[in-house]
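S.K.: This is the structure, below, for whatever I ask next.
Next comes the structure, spelled out in structure tokens:
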């Protein structure tokens, strides 16, 4: 169990989180594993918001929102693969914009070449 407290304006909010694992681990090791997991989760959500403007999405239908979230994650992973193939560092947002205007790059990213 992890208890976390944060301040929201003038109020303190306390949250209890429970984790289940089959791995026998000491408390300090389990805390490291949990922090690593949340670091990955937070990085993904930050990337989806910064590069794909996920928080600005105005889709209210739950099914459509889930479909768009799946498409965003797929395109993020494709852009990461394309980024690794670039000779110089190019941002994921720039890769997305380049692929939108370049049919050859888009086909290459999708493996259609």
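In UniProt numbering, the protein residues as written are 1 to 113.
Glycine is no exception: its CB is placed at the ideal position from the N, C-alpha and C atoms.
(1) Take residue 68 and list the residues in its own chain whose beta-carbon comes closer than 7 Å to its own, dropping the five residues that flank it on each side.
(2) Thinking just about the alpha-carbon of each residue, which of 70, 98, 19 is nearest to the one in residue 83?
(3) In this structure, how does DSSP classify residue 34 when only helix, strand and coil are distinguished?
(4) Please give the ranges of any beta strand (DSSP E) in the region 25 to 106, keeping only runs that are unbroken, at least 3 residues long and fully inside the region.
(5) Using a 10 Å radius around the Cβ and a threshold of 16 neighbouring Cβ atoms, would you call residue 79 buried or exposed?
(6) Among the residues of its own chain, which have a CB less than 8 Å from the CB of residue 72, if the five just before and after it don't count?
(7) Measure how close the beta-carbons of residue 3 and residue 16 come, nearest whole angstrom, since I'm counting them as under 8 Å.
(8) Give a yes or no on whether the C-beta atoms belonging to residue 19 and residue 34 are separated by under 7 Å.
(9) Applying the criterion that 16 or more other CB atoms from any shown protein chain within 10 Å of the CB defines a buried residue, is residue 124 buried or exposed?
(10) Compute every distance between the C-beta of residue 91 and the non-hydrogen atoms of the ligand SAH, then say whether any falls below 6 Å.
(11) Taking residue 4 as part of the beta strand (DSSP E), name the residues at either end of that continuous run.
M.R.: Straight from the coordinates:
(1) The count along the chain shown starts at 1 and reaches residue 68 at position 68. Closer than 7 Å at Cβ, skipping near neighbours: 57, 59.
(2) Stepping through the chain shown from its first residue, residue 83 is reached at position 83. It is 98.
(3) The residue you call residue 34 lines up with position 34 of the chain shown. Of the three classes helix, strand and coil, the one that applies to residue 34 here is helix, per DSSP.
(4) none
(5) Here residue 79 refers to the residue found at position 79 when the chain shown is read from its first residue. Classification for residue 79: buried.
(6) Residue numbering aside, residue 72 sits at position 72 when the chain shown is read from its first letter. Same-chain partners within the cutoff: 48, 52, 54.
(7) Along the chain shown, one-based indexing puts residue 3 at 3. Along the chain shown, one-based indexing puts residue 16 at 16. Confirmed, about 5 Å.
(8) The residue labelled residue 19 in the question sits at position 19 within the chain shown. The residue labelled residue 34 in the question sits at position 34 within the chain shown. Yes; because the gap between Cβ atoms is below 7 Å, this pair is in contact.
(9) Since the displayed the chain opens at 1 and closes at 113, residue 124 lies outside it and no answer follows.
(10) Absence of the ligand SAH is noted for the structure shown, with no ligands found whatsoever.
(11) Counted from its first residue, the chain shown places residue 4 at position 4. Residues 2 to 8.
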